[in-house]
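To convert, note that position 191 of the sequence shown is 191 in UniProt numbering; the numbers rise steadily by one, no gaps.
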Amino acid sequence: MSAAWWWPRLPQPSNDAANPAFDHTSMSLDLNTESIHNRRIRHMSQNENIHKVMEIVEHHRICMLTTVGDDGAIMGWPMTVTKVEDNGELWFFSSTGTGPVAAIGTEARVNLSFGGKNEWLSVHGSAVVITSEPKARELWNEAAAAFYPNGPESKDLVLVRVRPDGAQYWEAPGGAISTIFQWAKARLTGEVIDAGESQKVEL
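Right, dumping it as structure tokens:
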């Protein structure tokens, strides 16, 4: 059984307007069939759940950045997270003339999808393309040097900043083997599978 929770907005830069308050509600749960795993996550604090989102990003780093064009076409590109700020903003290195930079333009709504093993994360928010050598120096690392041999001064180097509006993550108890076993058991017994926990951060 899955559940959804609602959390306040991730902290934003100080020059932003105050964040609105959100109701702390959950989907109805049948406590007679709710798994111990789901009960544990359902009672996690707001800060713990936000930390979990950031933890999944740190675990996987590589995501699919997806945009929707003016014609409705959905496009995606693999991107590596360079840094996750304390306020939840995600930074990426990219280059002028590339697909994601062209798709984002001045600003665009995007989705970031992370996943692996028994956890998956979907983040939605606003992306902007920034040219800033000082920020590039701050974010610089050895991985970036492999793509930009001229360093932070590379003329084609740009930064992509994604400011999340919300996120949703899933966990499958016991990992893939456990999930496969539950599917097999469900086919034989007709029981409902515990496909994992869905946690939602709407901001």
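All C-beta atoms, glycine included, are put in the ideal place defined by N, C-alpha and C.
Short of 6 Å in beta carbon distance, which residues of its chain neighbour residue i, apart from the five on each side in sequence? Order them along the chain.
{"i": "V128", "result": "E107 and R161"}
{"i": "R163", "result": "E89, G125 and S126"}
{"i": "W77", "result": "L65, G99 and P100"}
{"i": "V123", "result": "L112, P164 and A167"}
{"i": "T131", "result": "V158"}
Could you pull out every residue in the same chain whose Cβ sits closer than 8 Å to the Cβ of residue i, ignoring the five residues on either side in sequence?
{"i": "L139", "result": "T82, K83, W91, F93 and L159"}
Is the beta carbon of residue i less than 8 Å from the beta carbon of residue j?
{"i": "E133", "j": "P152", "result": "yes"}
{"i": "residue 209", "j": "E171", "result": "In the structure as shown, the chain starts at 1 and stops at 203, and residue 209 therefore has no counterpart that could be examined."}
In chain order, what residues of the same chain have a beta carbon less than 7 Å from the beta carbon of residue i, not counting five sequence neighbours either side?
{"i": "I180", "result": "Per-residue confidence for I180 stands at a pLDDT of 41, beneath the threshold of 50, marking its modelled position as unreliable; no derived number is given."}
{"i": "L157", "result": "F93, S95, A136 and Y148"}
When you compare each of the options to residue i by their alpha carbons, which one comes out closest?
{"i": "M64", "options": "W170, E171 and L121", "result": "L121"}
{"i": "A102", "options": "V68, A143, I50 and K52", "result": "V68"}
{"i": "E85", "options": "E171, H51, T131 and I104", "result": "H51"}
{"i": "N87", "options": "T80, M79, S154 and V53", "result": "V53"}
{"i": "A143", "options": "R109, K155, S154 and T80", "result": "T80"}
{"i": "I74", "options": "I104, G97 and Y169", "result": "I104"}
{"i": "G72", "options": "K155, N141, R109 and S154", "result": "R109"}
Pairing CB atoms from the segment 101-117 with CB atoms from the segment 53-61, are three or more of them under 8 Å? yes
Complete beta strand (DSSP E) runs within the segment 109-158 (minimum length 3 residues, chain order): 119-130
Quick check on the DSSP output: what are the complete beta strand (DSSP E) runs of length 3 or more inside the segment 38-82, in order along the chain? 62-68 and 74-80
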